Every structure is written in structure tokens, then in C-alpha cells.
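Undergrad: Under this note's numbering, residues 1 to 79 are what the sequence shown spells out, in order.
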Amino acid sequence: MNLLVSISERISALWTLSKKEDIFLDDLQKEFRRDLQTFIVGETVYKKDGKLVIGHNLYKKWLRKIQIKGFDYEIDFKE
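As C-alpha cells, then:
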């Protein structure tokens, strides 16, 4: 049961992250990065303080994609 709670919290954190002023790729939990990186290929991103920043609109598009289609990769939720 703890794993289910953990998965729910991790997915909820994706939406909480969208409220930040700057969304750094490093802020995203490791298991979700590969899916986001694939989604943003060819899109405009920028660096701030040496870290890759994802724009709010692009990040929200990715969240909508997750809601509608799910992840493109199998997500390994390790406790």
C-alpha cells in the first residue's frame, strides 16, 4: 500500500511543479525525465544558472499529454 501512496504523491508533484516560476529539468523526479526529454525534442528551452529550464506552456503541454495518452516509456516506481 505504501508504494501506491508513493506513486500518487510523485505524480501529484508533477502538477505542483507547474506552479513554480522556473521549472528546471533537474527538479523533475528522475523516473519522469526521459519522457519529458523525448517530448521536448525540437522545442525551445533555455539555461538559467547552468540548468535547463522548461517553459511553462511546454511543461503544461507535456502534463496534458500525460493525462490524455500517458507516458511514452514504462515508469519504474521504486520505493
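Don't be surprised by glycine CBs; every beta carbon is placed ideally from N, CA and C. Quantities reported herein were computed from a predicted structural model and do not represent experimental measurements.
Between the Cα of L63 and those of K47, K48, L52, Q37, spot the shortest distance and give me the residue it belongs to.
TA: With distances taken between Cα atoms, L63 lies closest to Q37.
Undergrad: Following the continuous beta strand (DSSP E) through V53, name the residue where it begins and the one where it ends.
TA: 51-54
Undergrad: Starting from K30, follow the alpha helix (DSSP H) in both directions and report where the run begins and ends.
TA: Here the alpha helix (DSSP H) through K30 covers 30-39.
Undergrad: Would you mind reading off the limits of the beta strand (DSSP E) that contains Y46?
TA: 46-48
Undergrad: Keeping to the same chain, check which residues put their C-beta closer than 8 Å to that of L17; ignore five residues upstream and five downstream.
TA: If you ignore the 5 residues before and after L17, its C-beta comes within less than 8 Å of the C-beta of I23, D27, L28, Y59, all in its own chain and listed in chain order.
Undergrad: Taking Cβ positions, are E9 and I75 nearer each other than 7 Å?
TA: no
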